[in-house]
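Taking it in order: structure first as structure tokens, then the write-up.
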Amino acid sequence: MTYIPWKNYLIAFVITVGIFSTAIYLSNYFGNKKIDQLKSIQDKIAIDILSSETQFSLLSELSCKNISDSVYSPELGELGGKLEWSQKNLVATEEVSSLKKYYALLQIKDYLLAKKISERCKVKSAFILYFYTSADNCRVCEKQSLVLAALSQKYPELRTYSFDYSTDLSAVAAMLQIYKVKDTELPALVIDDELLTGFHSMDDLEKRVQESFKLQEKASTGEKINK
Amino acid sequence: MVSISDIISYVLTFFALYVQVFFLLMVFKTREQIKKNTSFPPDVNWPAVTIMVPCWNEEETIVKTVDSLLAVDYPKDKLIIKVVDDGSTDNTWQVIQKFQGVMNVDLIRKENGGKHTAMNLIIATATTEYIGNLDADTFIEPNTLKKTMWQFLSDKDMMAVSPAIVIHEPKGFLQKAQDLQFNMFIPLKKVLSLMNGIHVTQGQFSIYRKKVFDDLGPYKNAHRTEDLEIAYRMQVNGYKIGQCHDAFVHTTSPNTLKDLYKQRLRWMYGFINNSYDYRRYLFKSKYGVFSLFTVPIGLLYIVTTLFGTAVVLFGIGNALYHLVSRLLVTNFHTGEISFFFVNARPLIFIYIVLILFFIIMAIIGKKIRGKKPVPDLSFIFFFLFFNFIASVWLFKAVYNTLVTRKEVAWR
């Protein structure tokens, strides 16, 4: 009679399923670790913003010199990239998209605060609002994100805020409405209240950022003369 | 989102892991049989055996091959050596004249007709109960014949036995990688033989009861892999094939990529096409492990290697594309490198386990060979490059089968 080792086939199958399940468990474990890491960065940013807001509220009583250099949260830009990556690669997408909403709110708060500080204390700064989509496979958006990341590295005074068009959040919807961003024209950038659509190269954006710095300088010199 | 490529990857990886787990489990379960060396009483009445040595343009190795047969520990009056020159165009015939007149060595010359015709010529006139073959670039150890023959004497159902193949004096990474692969085959083939699931009785010193050829007919061309086809024929007819894992035969191996490519292309083309010819016997429990496991895992190996290579090449291409685009659009800013972006997907852990299992199997193979059971540099070469190189001949074998239907050359 032909011998078939059915029992061994079955044992091997059970062991294989066990190894597979362990691999899935390990993958989830490391994925969750990453989400924890994201949460802790986000908490730190929230505290930084709250601290900046408190400092800003004290401005009426204190001079701009008392605004510390660490008023801006450096992790804000880094967190955006990590969240994008997590949404594409981690299984816990719901948790990541809720983190993304919170991140969008933090960015808006940071933007408003940083703008106020910049205007009031004449801190050298430029702002770019960046709208992209993660819903479609937007290769141009990926390229644009790379350019903005490199630009932020080169110019520490430049603050870029990135917003996913598909984020289901009224505050983001309000931003889209204010700057008249359409989903057919993504990626879109707002620099000095000017809306730019499509891809913009490093050189192009660098020029605009430098112009933004000059405009700010002119404004502050003009104010000093008027005084 | 899970893509189709991901689903295929998971399914193929699951089966690849399953096969490895199964083999390791079987090696563990049969460890006592694997550890045990072949032993036999001193007064065995050894039967007569005919060893055929077909050769075609083997002037460089044939003498050493026949010398190794003459030096074998076996009663001289029970060993008949038949050297068949299959129409060599080099000096093979002149070189083998040195054995003219040597007791029990017959030299035969015929027109070139292929290896199977050379062997069939001998089988047709053989008078011994056992017939074996030895490729003319292969050498046996003095105790190989007795150990192999003992498998027949200790099991009346045994119809064919192959010894373990090792690479003769491996030099350089390419030969050492082949040596590693052949070492891995030793425990695998032993496990398969214990389940009667062997699918090839290789040309390197396989011995048969003559009854096999009397009952099933002579060798066939079989896409130039007659040793594979005869084993398929035996399996589907319920003839038992064994392996003697502590009897060694040393084969010269290709030392250039071109020669290795030709050899492996012939093997893989033969495997695919013989499996296709025998397709009606596959996936049927009636034909045992051969039908349900051995041939299917061979086919799975081809699909997995080709798919895996495509995925890796696509991955490398994609990574390079992203790196170049990043450098171009950012005026050569490399950006931040962080461990955060290392994707700990389940497949990464499975691949680590798979490589570990392969290493364990190779170490077991080394131990059976009596070598120090530790990994060396050839392990790195094998796992990093050999499997990718294998995709080239696998692809060509599949391409020739599906598209050109072109038979592959011997060398």
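Chain order of the listed sequences is A and B.
Letter by letter, the first sequence follows residues 1 to 227 in our numbering.
Letter by letter, the second sequence follows residues 1001 to 1411 in our numbering.
Cβ coordinates follow ideal geometry from the N, Cα and C atoms, glycine included.
Quick caveat, the model's predicted, so the values are computed rather than measured.
- Taking C-beta atoms as the reference points, S1193 of chain B and Q1235 of chain B fail to come closer than 8 Å.
- Nearest neighbour of M175 of chain A by Cα position, chosen from A:I15, A:K109, A:Q42, turns out to be A:K109.
- In the DSSP assignment, the residues bridged to F127 of chain A are A:R159.
- Here M1103 of chain B is exposed. Its C-beta has fewer than 16 other C-beta atoms within 10 Å.
- When only Cα atoms are considered, D1157 of chain B and Y1239 of chain B end up about 8 Å apart.
- For the region 9 to 24 of chain A, the residues whose beta carbon sits under 8 Å from a beta carbon of chain B are, in order, Y9, I11, A12, F13, I15, T16, I19, F20, T22, A23, I24.
- From the beta-carbon of Y1018 of chain B, the residues of chain A found nearer than 8 Å are A12, F13, T16.
- In this model, Q1100 of chain B and T1061 of chain B are separated by some 17 Å (Cα to Cα).
- At a C-beta separation below 8 Å, S212 of chain A has no neighbours in chain B, since its nearest C-beta there lies roughly 19 Å away.
- Of all alpha-carbon atoms in A:S21, A:Q216, A:G81, A:Y165, the one lying nearest the alpha-carbon of V147 of chain A is that of A:G81.
- In terms of Cβ geometry, A1160 of chain B and V1212 of chain B form a close pair [threshold 8 Å].
- Taking 7 Å as the cut-off between beta carbons, the residues of the region 85 to 110 of chain A near chain B are W85, N89, in sequence order.
- Below the 7 Å Cβ cutoff, chain A contributes S27 as neighbours of R1345 of chain B, in chain order.
- Within the DSSP bridge table, the entry for M1052 of chain B names B:K1082, B:N1133 as partners.
- The three-state secondary structure of E94 of chain A, taken from DSSP, is helix.
- Along the region 193 to 209 of chain A, the positions whose C-beta sits under 8 Å from a C-beta of chain B are S201, M202, D203, read in chain order.
- Boundaries for L186 of chain A: no beta strand (DSSP E) harbours it, and the DSSP string shows neither H nor E there.
- Taken atom to atom, the span from the alpha-carbon of Y130 of chain A to that of G1270 of chain B is near 59 Å.
- Contact residues of the region 1307 to 1330 of chain B toward chain A are S1325, R1326, V1329, T1330 (C-beta to C-beta distance below 7 Å).
- Interface with chain A (8 Å Cβ-Cβ cutoff): V1353 of chain B is included.
- In the structure shown, E1141 of chain B falls within a coil segment according to DSSP collapsed to helix, strand and coil.
- I1051 of chain B is not a Cβ neighbour of L1024 of chain B, given a cutoff of 8 Å.
- For S1291 of chain B, the CB contacts under 7 Å within the same chain, skipping 5 residues up- and downstream, are Y1281, L1282, F1283, K1284 in chain order.
- Our two residues, W1056 of chain B and P1346 of chain B, have alpha carbons roughly 51 Å apart in a direct line.
- At least 8 Å separates the beta-carbon of T1256 of chain B from that of D1135 of chain B.
- With a 10 Å radius around the Cβ and a threshold of 16 neighbouring Cβ atoms, S1162 of chain B comes out buried.
- Each of B:K1064, B:D1006, B:G1113 was checked against the Cα of S1088 of chain B, and the nearest Cα belongs to B:G1113.
- Only buried fits E1058 of chain B, as 16 or more other CB atoms lie within 10 angstroms of its CB.
- Cβ-Cβ distances below 6 Å link P1170 of chain B to K1176, D1179 in the same chain, with the five nearest sequence neighbours on each side left out; the list follows chain order.
- With contact defined as three or more Cβ pairs closer than 8 Å, the region 1035 to 1043 of chain B and the region 1373 to 1380 of chain B are not in contact.
- The alpha-carbon of Y29 of chain A is positioned some 18 Å away from that of V1353 of chain B.
- In the three-state DSSP reduction, V1312 of chain B falls in the helix class (H, G or I).
- Excluding the 5 residues flanking it on each side, E1129 of chain B has same chain C-beta neighbours closer than 6 Å at P1047, K1210, in chain order.
- Secondary structure of T1128 of chain B (DSSP, three-state): coil.
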